[in-house]
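Chemist: full-length UniProt numbering puts the first residue of the sequence shown at 1, with every later residue one more than the last. Ideal Cβ placement from N, Cα and C applies to all residues, glycine included. Can you keep this structure in mind? I'll have questions shortly.
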Amino acid sequence: MTTVELTPRQRTWSAFRRNPLGMGSGALLVLLALVAIFAPLLAPFPEGYGADTSQPPSAAHWFGTDDIGQDVFAQVVWGTRVSMAVGLSASVLAIVIGLLIGVSAAYFRRLDTPLGVLVDLSLSLPVLPLMILVAALAGPSVRTLAVVIALFSWPEVARVVRSQALAIVPMPFVSAAKVVGGSSWWIVRKHLLPGVIPVVGVSVVLTTSRAVLAEAGLSFLGLGDPNSWSWGTILHKAQQSGSLASAWWTTLFPSAAILLLVLSTTLLSVAYNDARNHRSDT
């Protein structure tokens, strides 16, 4: 009986789906994404004032209400949309910058030293104070937060991509492509990018979780968009109203949402790495 040889992608998926933590984390991320997409169907946009102020969780208000009577469940639902949008946007932008710099440093050896210095310098900077400074100068908005977070998130991606690309550049197929006259762009597109994509996949997940944490921190400090909701904005308004100590539900549920997203992305990346490096015993 002949044995069907699986491709690397099929072997990775086969190993990943046998990991309950990885599958559970993936399902949770999909659920959060669906909440973000269908937020208008799940809860009305929280605005104005309500009659029931500072009410604990109940059948009428699942997550309770804040000091002005707004429903905390609606805040968390709409906050999911903004927080994940900022996280994904910042992650994609950081991945693009890190991918370009990492691949360029590995393939074009003359650029390796200056780009390496740039990456090391960026990693040595005090990120949070600089984020606060840039966000304060640029003005609070969702777009500003995404760009600011991305500009301080790409160095780690670039370092990982460069390390992976350096292992591909000396390969015989890359040398053969140079011999037959392949252009640098063709070689990078056909050989280097496919080789670093698995690492980029992990970076997307981890960078998204870090971006969500950064957005929550900046919004908590009052640097978020005042016209939209995010998990950090909910915590900021609870702190401003003095509800942190008197109304625990106003901080518990947005904090739990942040924790669930960060925990699920971390477990998903670990499960994916284990599956990608899986070695069959047969």
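Could you check whether Trp62 and Phe45 sit closer than 8 Å to each other, using their CB atoms as the reference points?
Modeler: Within the sequence shown, numbered from 1, the residue matching residue 45 stands at position 45. Within the sequence shown, numbered from 1, the residue matching residue 62 stands at position 62. No; because the gap between Cβ atoms is not below 8 Å, this pair is not in contact.
Chemist: Taking the Cβ atom as the reference point for each residue, do Ile187 and Ala177 lie within a distance shorter than 8 Å?
Modeler: Counting from one through the sequence shown, the residue named residue 187 turns up at place 187. Counting from one through the sequence shown, the residue named residue 177 turns up at place 177. Cβ distance < 8 Å, so Ile187 and Ala177 count as in contact.
Chemist: Excluding the 5 residues preceding and the 5 following Ala275 in the sequence, name in chain order all residues of the same chain whose CB lies nearer than 6 Å to its CB.
Modeler: Working through the sequence shown from its first residue, we reach residue 275 at position 275. Contacts found: Thr12, Ala15 and Phe16.
Chemist: Arg110: buried (16+ other C-beta within 10 angstroms of its C-beta) or exposed?
Modeler: For this step, residue 110 is matched to residue 110 along the sequence shown. With fewer than 16 other Cβ atoms within 10 Å, it is exposed.
Chemist: Apart from the five residues on each side of it in sequence, which residues of its chain come closer than 6 Å, Cβ to Cβ, to Ser153?
Modeler: In the sequence shown, residue 153 corresponds to position 153, counting from 1. So the list reads Ala94 and Thr207, once near-sequence residues are dropped.
Chemist: For Leu100, which of Ala271, Trp248, Trp185 and Thr53 has the nearest alpha-carbon?
Modeler: Here residue 100 is taken as the residue at index 100 of the sequence shown, counted from 1. It is Trp185.
Chemist: Just the Cα atoms here: how many angstroms apart are Ser280 and Val82?
Modeler: For this step, residue 280 is matched to residue 280 along the sequence shown. For this step, residue 82 is matched to residue 82 along the sequence shown. Here the model assigns Ser280 a pLDDT of 45, short of 50, so the residue's position is not dependable and the matter cannot be decided.
Chemist: Going by beta carbon distance, what residues of the same chain come within less than 6 Å of Ala150, once the five residues before and after it are set aside?
Modeler: Your numbering for residue 150 matches position 150 in the sequence shown. Once the five neighbours on either side are set aside, the close Cβ partners of Ala150 are Ala90, Leu93 and Ala94.
Chemist: Taking only runs that begin and end inside the stretch 42 to 85, name each unbroken alpha helix (DSSP H) of 4 or more residues, in chain order.
Modeler: Uninterrupted alpha helix (DSSP H) stretches at least 4 residues long and entirely within the stretch 42 to 85 do not occur.
Chemist: Specify the secondary structure class of Arg210 as computed by DSSP and reduced to three states.
Modeler: By 1-based counting over the sequence shown, the position of residue 210 is 210. Residue state, collapsed to three classes: helix.
Chemist: Please identify the residue among Ala106, Val142 and Val127 whose C-alpha is closest to the C-alpha of Ala158.
Modeler: Taking the first residue of the sequence shown as 1, we reach residue 158 at position 158. Closest option to Ala158, Cα to Cα, is Ala106.
Chemist: Do Leu223 and Val262 have their beta-carbon atoms positioned less than 8 Å apart in this structure?
Modeler: Along the sequence shown, read from residue 1 onward, the residue named residue 262 stands at position 262. Along the sequence shown, read from residue 1 onward, the residue named residue 223 stands at position 223. Taking 8 Å as the Cβ cut-off, Val262 and Leu223 do not qualify as a contacting pair.
Chemist: Which class does Phe253 belong to by DSSP, given the choice of helix, strand or coil?
Modeler: The count along the sequence shown starts at 1 and reaches residue 253 at position 253. Helix.
Chemist: For Ala51 and Gly64, I'd like the C-alpha separation in whole angstroms.
Modeler: Indexing the sequence shown from 1 puts residue 51 at position 51. Indexing the sequence shown from 1 puts residue 64 at position 64. Going by the C-alpha atoms only, they are around 13 Å apart.
Chemist: Give me the Cβ distance between Gly217 and Gly232, rounded to the nearest whole Å; I'm assuming they're in contact under 8 Å.
Modeler: Looking up residue 217 in the sequence shown gives position 217. Looking up residue 232 in the sequence shown gives position 232. Contact flag correct, Cβ pair sits at about 7 Å.
Chemist: For the alpha helix (DSSP H) containing Gly242, list its first residue and its last residue.
Modeler: Residue 242 sits at position 242 when you count from the first residue of the sequence shown. No alpha helix (DSSP H) holds Gly242; DSSP gives it neither H nor E.
Chemist: Suppose the cutoff is 6 Å on Cβ atoms and the five residues either side in sequence are ignored; what does the same chain contact list for Ser122 look like?
Modeler: What you label residue 122 is simply residue 122 of the sequence shown in a count that begins at 1. For Ser122, where only same-chain residues beyond five positions count, the Cβ hits under 6 Å are Pro155.
Chemist: Along the chain, where does the alpha helix (DSSP H) containing Phe173 start, and where does it finish?
Modeler: Stepping through the sequence shown from its first residue, residue 173 is reached at position 173. Where Phe173 is concerned, the enclosing alpha helix (DSSP H) stretches over Pro172 to Val179.
Chemist: Could you check the C-alpha separation between Pro129 and Val117 for me, to the nearest Å?
Modeler: For the purposes of this step, residue 129 is taken as the residue at position 129 of the sequence shown. For the purposes of this step, residue 117 is taken as the residue at position 117 of the sequence shown. If I take the Cα positions, the gap works out to 21 Å.
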